[in-house]
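Engineer: Dropping the structure in here first, questions after.
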């Protein structure tokens, strides 16, 4: 503040309108009088009121400080002595002194202006640096955001691809079929054990979980004296142990193949929910199960296998006689209970052509004694094994990716399928 007072042309004594010999009490009285005149609250329309009041406070504080007042008095005395000497100078010397003082004031003003410009340049440079830093941070943030979105998109695409390759889970009713039959044609199917034994050529059946009911045909004309009518038809829910066995039963019923080892006359076998399981649709989508020749009501892909067998001139039809298996026959005598012994030579091994494989479409080499229901079941079981291996491969791939993200190095995952 002292430098500001040195540069100011107005003396604190002049601001308070007191003499250089004024006492502290006179200075306080003069300050109170002057402050009432220049206070901003009393001069709301004067834009310089706040500045004048601030200068008055600074002058008041300076004059009440003994040390600062002594320095100010010495400065004023030197200035007054210089003025007295200036009066004794002749005109030429006065002009020289005035010219010197003018140059000093101009130099001081130029120095102050230069300092002000340097400060402005410094602040402008700092603003430019800050703006550049902000723009660089925004670019880096935008780049990171794009990389994050690209990584998430790639991750979602990979997850979608894995989810498409991974087969859907089996529902609890995917292996259950609905059996409708006439008791007149199948009078022996009145117990769970008989139903399980009758369907055993297709595969193993969960006997304890079979649910069936027998109903009589509704008649509009009933005599009041007649008793309860005898049941004429029955419905059963039969759960197989595997979906391939259930698929074989539904396919045999929908195609009404003459080569079936089970008498399916006056009998209908459908899926319990009247729609095929999701796993079958996935197998068809992946090209592991043909969708051609599928019955419109409930059965999948049975006709495709039949057309494949019919198109093969080397297929032995003499071994697939349409002789129904008598009730109570052993399950081992049918091609549905287990795979037949195809021999060790390559000539007796069946070769199946799935859609999308390297072999020619429609080429099938069947072993003797293998009818088209067995062929279809074999294809389905092979597709199930491939989907199971694909699921294990996807799990191993996910574990490797998680290990690499966590530890930064590839992991060794043992092949549990072997």
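In the UniProt record's numbering, the protein residues as written are 1 to 418. Idealized CB from N, CA, C, for every residue including glycine.
1) With DSSP run on the structure shown, which of helix, strand or coil describes residue 229?
2) Can you find the residues in the same chain that come closer than 6 Å, C-beta to C-beta, to residue 10, ignoring five residues on each side of it along the sequence?
3) Are residue 60 and residue 89 closer than 8 Å when you measure CB to CB?
4) Need the endpoints of the alpha helix (DSSP H) that residue 60 sits in, please.
5) For the pair the stretch 181 to 192 and the stretch 230 to 239, tell me if three or more CB-CB distances fall below 8 Å.
6) Below 8 Å on the Cβ atoms is my guess for residue 177 versus residue 272; work out the distance and round it to an integer in Å.
7) Under the three-state reduction of DSSP, which class applies to residue 241: helix, strand or coil?
8) Tell me whether the beta-carbon of residue 288 lies closer than 8 Å to the beta-carbon of residue 386.
9) Helix or strand or just coil, what does DSSP make of residue 11?
10) Are the CB atoms of residue 232 and residue 182 within a distance shorter than 8 Å?
11) For residue 79 and residue 114, what's the separation of their Cα atoms in angstroms?
12) Measure the alpha-carbon distance for residue 12 versus residue 67 and round it to whole angstroms.
13) Report, in whole angstroms, the separation of the C-beta atoms of residue 20 and residue 73, which I expect to be a contact under 8 Å.
14) Which residue from 179, 214, 200 puts its Cα closest to that of residue 266?
15) Pull up the distance between the alpha-carbon of residue 406 and that of residue 200, whole angstroms please.
16) Look at the alpha carbon of residue 475 and the alpha carbon of residue 254, and state the distance between them as a whole number of angstroms.
17) Counting only beta-carbon atoms, is residue 64 nearer than 8 Å to chain D?
18) How is the alpha helix (DSSP H) around residue 199 delimited, first residue to last?
19) Taking the Cβ atom as the reference point for each residue, do residue 94 and residue 86 lie within a distance shorter than 8 Å?
20) Quick check on DSSP: helix, strand or coil for residue 348?
21) By the 10 Å Cβ neighbour count, where 16 or more other Cβ atoms means buried, how is residue 47 classified, buried or exposed?
22) Can you give the Cα-Cα distance for residue 174 and residue 155, rounded to whole angstroms?
23) Please list, in chain order, all residues of the same chain as residue 15 whose beta carbon is under 8 Å from its beta carbon, the five residues on each side excluded.
Structural biologist: Straight from the coordinates:
1) coil
2) none
3) no
4) 49 to 64
5) yes
6) 6 Å
7) coil
8) yes
9) coil
10) yes
11) 28 Å
12) 15 Å
13) 6 Å
14) 179
15) 51 Å
16) Here the chain comprises residues numbered 1 to 418, so residue 475 is not present and cannot be evaluated.
17) Here there is only one protein chain, and chain D is not present.
18) 192 to 199
19) yes
20) At residue 348, the pLDDT of 32 sits below 50, so the modelled position is not reliable and the matter cannot be decided from this model.
21) exposed
22) 32 Å
23) 34, 55, 56, 59
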